[in-house]
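Novice: In UniProt numbering, the protein residues as written are 405 to 686.
Have a look at this one before I ask anything.
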Ligand code: C2E
Ligand code: MG
Ligand code: MG
Ligand code: MG
């Protein structure tokens with residue numbers, strides 16, 4: 405963008421024209437992408453991938469996180485970091501989110517019936533969480549699938565939780581009453597105070613990947629140690645995400661982290677591949 409701006413300046417009188425053309429292009433692209441996303445579900449372009457989670461002591465599979473993927477017919481795989489915010493803006497996130505939730509729970513139930521008792525982590529976006537039907541949707545999925553509800557873990561972020569604290573408390577209490585567990589995703593990266601850890605019924609904190617990446621420095625190790633110690637003191641389960649090497653495993657294990665997730669164990673993968681991974685890691 406900086407290069408484009410510098411070029412536009414050099415064009416002098418044509419500067420306005422440049423911006424206008426430039427904008428028209430990106431606006432057109434954005435509108436195209438929006439329309440494509442509106443059709444993505446019915447065109448079966450949305451797929452749930454599963455990333456392994458392992459027990460920190462045994463390194464055996466204990467769960468997975470559902471991570472949504474969009475196979476765009478022309479552009480290939482589009483990251484959820486791009487299309488989830490877009491879906492949120494154009495009001496499609498509830499539809500996509502409900503699909504992911506139902507799909508991930510049904511899949512986990514299938515594995516459960518084949519003898520693998522795994523927990524499934526499901527990311528909730530802000531709108532989906534504020535949506536009043538969330539509890540009813542969860543209730544109906546639970547009665548359809550018969551997966552034990554304690555195997556379902558809903559991931560919310562600090563900023564989402566703090567957006568409307570009263571609503572959050574109400575919503576979380578309702579979900580807890582169904583036996584579902586609640587995680588704070590990307591823990592430590594929000595700007596909120598820690599007080600919410602007392603007032604909300606939270607089971608798990610997921611240490612953000614940025615902290616795991618900094619384990620090679622003294623300060624990084626001190627922060628990870630403090631987060632895990634706080635988790636222990638508050639009786640919370642601690643999951644670390646973004647683990648890529650043995651050194652990080654050793655560090656986090658010695659500090660008492662409970663569950664590991666990261667490319668070291670497996671990347672997010674389609675259900676069939678995940679099942680093969682599962683069978684070869686018993
Ligand atoms: P997240 O929930 O924090 O998910 C973890 C992200 O870290 C995933 O990226 C995963 O692929 C990546 N990751 C895990 N281990 C490693 C590692 O060892 N190294 C590296 N470099 N990356 C690792 P992904 O799948 O691209 O998802 C990005 C974000 O998009 C998620 O972050 C989540 O906030 C959002 N997202 C994904 N699926 C959904 C969904 O179904 N609903 C909603 N609302 N958001 C979703
Ligand atoms: Mg997550
Ligand atoms: Mg995260
Ligand atoms: Mg996240």
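We put the CB at the ideal spot given by N, CA and C, even for glycine.
Comparing C-alpha positions only, which one of 512, 487, 513 sits nearest to residue 501?
Specialist: The option with the nearest alpha carbon to residue 501 is 487.
Novice: Considering only the alpha carbon of each residue, which of 547, 466, 489 lies closest to residue 532?
Specialist: Comparing Cα-Cα distances from residue 532 to each of 547, 466, 489, the minimum goes to 489.
Novice: Is DSSP giving residue 429 helix, strand or coil here?
Specialist: Residue state, collapsed to three classes: helix.
Novice: Could you work out which residue in 604, 594, 640 is closest to residue 579 when comparing CA atoms only?
Specialist: When each option's Cα is compared against that of residue 579, the closest is 604.
Novice: Within the present structure, is the beta-carbon of residue 548 separated from the nearest heavy atom of ligand 2 by less than 6 Å?
Specialist: Checking every heavy atom of ligand 2 against the Cβ of residue 548, none is found closer than 6 Å.
Novice: Looking at residue 526 and residue 505, is the spacing between their C-beta atoms short of 7 Å?
Specialist: For residue 505 and residue 526, yes; Cβs fall inside 7 Å.
Novice: Thinking C-alpha only, which one of 478, 619, 465, 468 is nearest residue 437?
Specialist: Per the Cα distances, 478.
Novice: Using a Cβ-Cβ cutoff of less than 7 Å, which residues in the same chain neighbour residue 638 once the five nearest sequence positions on both sides are dropped?
Specialist: Contacts found: 601.
Novice: Roughly how many angstroms separate the alpha carbons of residue 545 and residue 452, rounded to a whole number?
Specialist: Straight-line Cα distance between these residues: approximately 16 Å.
Novice: Would DSSP call residue 438 helix, strand or coil?
Specialist: Looking at residue 438 - three-state DSSP - the assignment turns out to be helix.
Novice: Suppose the cutoff is 7 Å on Cβ atoms and the five residues either side in sequence are ignored; what does the same chain contact list for residue 509 look like?
Specialist: These residues qualify, in order along the chain: 524, 545, 549, 551, 556.
Novice: Is any heavy atom in ligand 5 found nearer than 6 Å to the beta carbon of residue 553?
Specialist: Ligands displayed in this structure: ligand 1, ligand 2, ligand 3 and ligand 4; ligand 5 is not among them.
Novice: To the nearest angstrom, report how far apart residue 686 and residue 460 are at their CA atoms.
Specialist: Their backbone Cα atoms lie some 14 Å apart in a straight line.
Novice: Using a strict less-than 7 Å threshold between each residue's beta carbon and the heavy atoms of ligand 3, what residues do you get?
Specialist: In chain order, the qualifying residues are 589, 590, 610, 612, 613, 645.
Novice: Spatial neighbours of residue 535 within its chain, please: C-beta separation below 6 Å, excluding the five flanking residues on both sides.
Specialist: Cβ within range, chain order: 498.
Novice: Report the partner residues of residue 467 according to the DSSP bridge assignment.
Specialist: DSSP, once it has assigned bridges, lists 457, 523 as partnering residue 467.
Novice: Between the Cα of residue 667 and the Cα atoms of 673, 646, 661, which residue gives the shortest distance?
Specialist: Of the listed residues, the one whose Cα sits closest to residue 667 is 646.
Novice: Can you tell me whether residue 542 is buried or exposed? The criterion is at least 16 other CB atoms within 10 Å of its CB, across all chains shown.
Specialist: Answer is buried; the Cβ neighbour count reaches 16.
Novice: Taking the C-alpha atoms as reference points, what is the distance between residue 615 and residue 681?
Specialist: When rounded, the distance between both Cα atoms is 27 Å.
Novice: Within the continuous alpha helix (DSSP H) that includes residue 678, where are the two ends?
Specialist: Run containing residue 678: 675-683, per the alpha helix (DSSP H) assignment.
Novice: Quick one: using the 10 Å Cβ neighbour count with 16 as the cut-off for buried, is residue 683 buried or exposed?
Specialist: Label assigned to residue 683: exposed.
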